[in-house]
Amino acid sequence: MFRDRKAERRRSLCAKLACAAIVVAGIAFFVVMVHNPSERHVEMTEADGASVIATESISTPEVQVVSAVEPEPMLDVVKLKIKRGQTAAALLSEFLSPGEIHELNNRSKNVYPLSRMKAGRPYRIVSRLGELERFEYEISGEEMLVVARGGAGYDILKEPIVYDTETRVVRGRIDSSLFGAVSDCGESPALAVRLSEIFAWDIDFIRDIRTGDMFSAVVEKRFRDGKFSGYGTIEAAEFVNQGESFKGFLFADKHGIKSYYDENGRSLRKAFLKAPLNFSRISSGFNLRRLHPVLKIRRPHPGIDYAAPMGTPVKTVGDGLIIKKGWDKGGGRYLKIRHNSVYETTYMHLKGFAKGMKQGVRVKQGQVIAYVGSSGMSTGPHLDFRMKKSGSFVNPRRIKSPSCAPIAEKQMAEFETLIGPLLAKLESAGVMHADAAAATDAAANAATAADAANTSVNQ
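Its first residue numbered 1, the sequence shown is counted upward by one per residue in UniProt numbering.
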């Protein structure tokens, strides 16, 4: 009996263990199926009429473990402008030792001396993890000095500044001033200066400008990093002053020198500029019986006074030789220039002289020679400009200045081919000017008529 009970208990235990094993196996199978992607595809099949669960083993591509490549450190870029008194040593001391900076200074002398960096000019420093990669200093709007990391230290060179450019036709009508008209077109004041320089031999942009004057220009606009960065070449321009049209086309002569010529090939450049200052008001004209503003007596004034802010640059009206630099009790600081065997000019009441100006130095037309001041017997900052012809004073505004050489006959065919499309653009702009002027005048007349009608009704 005892043996039968013992056997029964053994069979019961075995049954329970078998059930437990089945349960454990089922759990294990479930876990494997969930977590093992190589056996995730399951389908039902039939064998001999019995339902059987079959599993299809799907091979999984071997996963290769690739070590992560450490990314290259980011570049740090600083764009600023040189401050007053700031030197290359101060800018680069964060990256280079005093010895390295001294070496760069010496090596740069044959390219562009680092000591000549000027306040206000843009510069750019590119570094990585505290190491200098590249230093750029903009010498002008055309080129920059570059210090760049090379194979064995740093290379020093000049590089041209690269711009994105667009050529456009800019046109406008003057209501008060050239600057105002250019601004109304959405353009920079620099364009007004450039236009005044092209026509400086024919138009005095203070005395001669009138309401209704018009201009147009085929101009290259420069962009850098998507931002406007100034004007490049002005290929052609027209200025209509008091009904008279002046045109200028840029062309290189047989020596490769570029200058502006009218549509007939005559040079716009003449022996003398119309004025020694840009956009300055004439406060006193040529008058041999003028009442002196200080002495209060009648005294000849054989020159023209240009009122201008203190320090305004003064330009020589023509090529010449400085024959005197000095001081006069009445005229203050002055310069005298001999242009040829016939003409001399004098510039008086100066604040100071441009660098290098001294007796015996040759100067070029348009070169800055001095700065407006109020030295000597003067009531305020201005330039007293005088001209002599064959030893006698003459009114500078009344002389007929001879033109420079025209385009050589052999180059005229090339010139005419060049200006054809440009002339068409200017003429198209001129038509638009006329339409705009007519519309403006019509609007003004309509407004005047309306005012008159209102006044009549009110009366």
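C-beta atoms are modelled at their ideal positions from N, C-alpha and C, and glycine is treated no differently.
Local Cβ density within 10 Å of residue i, reported as buried at 16 or more and exposed below that
i	result
Asn-110	exposed
Asp-76	exposed
Val-363	buried
Asp-213	buried
Glu-344	buried
Asp-164	exposed
Arg-266	exposed
Thr-60	With a pLDDT of only 49 at Thr-60, under the threshold of 50, the placement of this residue in the model should not be trusted; the figure read from the coordinates follows. Exposed is the call here.
His-255	exposed
Met-357	buried
Ser-428	exposed
Ala-90	exposed
Ile-323	exposed
Gly-326	exposed
Identity of the residue in the options nearest residue i by Cα
i	options	result
Leu-157	Leu-75, Arg-107, Glu-187, Asp-204	Arg-107
residue 460	Ile-337, Ala-308, Met-310	Past the boundaries of the shown model lies residue 460; the chain is included only from 1 to 459, so the question cannot be answered.
Met-387	Ile-399, Asn-241, Thr-379	Ile-399
Pro-406	Ala-252, Asp-384, Tyr-231	Ala-252
Glu-100	Trp-327, Ala-275, Glu-131	Glu-131
Gly-360	Asp-328, Pro-396, Gly-320	Gly-320
Lys-351	Thr-211, Tyr-334, Asp-155, Lys-358	Tyr-334
Phe-239	Glu-220, Ala-192, Phe-272	Ala-192
Cys-404	Glu-263, Pro-300, Trp-201	Trp-201
Arg-168	Arg-194, Ser-259, Glu-220, Val-182	Glu-220
Gly-180	Leu-80, Thr-211, Ala-152, Ile-419	Thr-211
residue 534	His-301, Asp-328, Phe-249	Here the chain has residues from 1 to 459 only, and residue 534 is not among them.
Residues of its chain near residue i, where Cβ-Cβ distance is below 6 Å and the 5 sequence neighbours each way are ignored
i	result
Ala-217	Val-170, Ile-234, Ala-237
Gln-367	Thr-316
Phe-353	Ala-370
Val-394	Met-387
Phe-135	Ile-125, Val-147
His-339	Gly-318, Gly-320
Residues bridged to residue i [DSSP beta-bridge criterion]
i	result
Tyr-112	Beta-bridge pairing links Tyr-112 to no other residue.
Leu-250	Tyr-260
Gly-331	For Gly-331, which the question treats as bridged, DSSP gives no partner whatsoever.
Asp-76	Ser-127
Phe-223	Asp-164, Phe-228
Lys-158	Leu-145
Phe-353	Ala-370
Thr-345	Ile-337, Met-387
Phe-239	Phe-215, Phe-246
Glu-138	Met-144
Ile-399	In the DSSP output, where bridge partners are listed per residue, Ile-399 has none listed.
Ser-392	Lys-389
Lys-425	Answer is none; Lys-425 lacks a bridge partner.
Arg-173	Met-214
Ile-234	Val-219
Spatial distance of residue i from residue j (CA atoms)
i	j	result
Arg-149	Lys-227	28 Å
Arg-222	Glu-187	12 Å
Lys-83	Arg-121	8 Å
Ala-436	Gly-172	Residue confidence is low: Ala-436 scores 45 on pLDDT, short of 50, so the model does not pin down where it sits. No coordinate-derived value is stated.
Met-117	Glu-159	16 Å
Val-78	Arg-224	16 Å
Ile-198	Glu-94	46 Å
Tyr-306	Tyr-347	11 Å
Ile-257	Gln-365	15 Å
Gly-243	Tyr-261	20 Å
Ala-438	Ala-190	For Ala-438, the predicted model reports a pLDDT of 46, less than 50, meaning its position is unreliable and no value from the coordinates is stated.
Pro-313	Leu-277	7 Å
Cys-185	Phe-385	34 Å
Gln-86	Thr-417	50 Å
Leu-96	Leu-129	13 Å
residue 469	Ala-88	No statement about residue 469 is possible, as the shown extent of the chain runs from 1 to 459 and does not include it.
Leu-92	Lys-410	54 Å
Leu-114	Lys-425	45 Å
Met-144	Tyr-137	5 Å
Met-412	Glu-263	10 Å
Ser-57	Pro-71	Caution applies to Ser-57, whose pLDDT of 42 falls short of 50 and renders its modelled position unreliable; the value that the coordinates give is listed next. Their backbone Cα atoms lie some 40 Å apart in a straight line.
Gly-232	Pro-98	39 Å
Same chain, Cβ closer than 7 Å to residue i, five either side skipped, listed in chain order
i	result
Pro-381	Ala-308, Pro-309, Met-310, Val-372, Gly-373, Ser-374
Ser-390	Val-342
Val-182	Gly-172, Pro-189, Leu-191, Ala-192
Ala-271	Gly-318, Ser-401, Pro-402
Pro-396	Ile-304, Phe-385, Met-387
Tyr-154	Leu-104, Val-147, Ala-148
Ser-245	Glu-238
Contacting residues, own chain, Cβ-Cβ under 8 Å from residue i (five flanking each side not counted)
i	result
Ile-209	Ile-174, Ser-177, Leu-178, Ile-203, Asn-241
Val-34	With a pLDDT of 45 at Val-34, under the threshold of 50, the modelled position of this residue cannot be trusted, and the question is left open.
Glu-142	Pro-160, Ile-161
Met-74	Arg-128
Chain C within 8 Å of residue i, Cβ atoms only
i	result
Val-111	In the structure shown, chain C does not exist; there is a single protein chain.
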